[in-house]
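A quick write-up on the structure given underneath.
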Amino acid sequence: MLVCWGHVYLCAGTRMPPVKVRFMFANYDRVETTAEYETTDTKVDALRAALFAKIQDKTIQFPDNADVQDVSQLRMFEGGKMLVDGKTLEQSNFTITSEHPTVVTVSVRPTNAGVVGSGGSSTQPGCCIVV
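Shown next, in the form of structure tokens:
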């Protein structure tokens, strides 16, 4: 294993260290949680599902009782990239450091978000996030 500027590079035949993730919620100060995963083969879907489970069992408390009813409301970003379901952490070029957990910013999409058509009515579900 080669460590350069805190990033871990693996040589053939070496075992990958656990992936430590720190989830921080956009627009919610001090709402965060950490998790550890065994491998970079972990899929983004699994991260999202595990985070949603923590929200459902009230491990994560939002100050204004944000309404998170569905796992699809959670948008996750790491290193300026949106993490896409179906990909592994490795396929997503997920940054892994040995000194501290990798920060993943989580945006909660409102349940009532919609695109407003020219007549003023909501035409389809949508969301705009400015980072």
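Just remember that the numbering used here sits 88 ahead of the position in the sequence shown, which is counted from 1.
Just so it is clear, CB atoms sit at the ideal spot from N, CA and C, and this is done for glycine as well.
Owing to the predicted nature of the structure, the values given are computational and were not obtained by experimental measurement.
Shown here, S195 sits in a strand according to DSSP, grouped into three states.
Look at A123 here: in three-state DSSP terms it is strand.
The Cβ atoms of V107 and T193 do not sit closer than 9 Å to each other. With distances taken between CA atoms, D173 lies nearest to S160 out of F150, S160, T183. In the structure shown, F182 adopts coil according to DSSP, grouped into three states.
Between D158 and F140, the C-beta spacing is below 9 Å.
Cβ-Cβ distances below 6 Å link T176 to D129, K131 in the same chain, with the five nearest sequence neighbours on each side left out; the list follows chain order.
According to DSSP, residue pairing for E166 in a beta bridge involves K169.
In its chain, beyond the 5 residues on either side, S180, F182, T183, T190, V191, V192, T193 have a beta carbon closer than 8 Å to the beta carbon of E166. A Cβ-Cβ contact shorter than 9 Å links L162 with V196. Per the coordinates, the alpha-carbon of P198 lies some 28 Å from the alpha-carbon of Y125.
Straight across, the Cα-Cα distance linking G168 with R136 is about 17 Å. Rounded to whole angstroms, the gap between the alpha carbons of Q144 and F150 is 11 Å.
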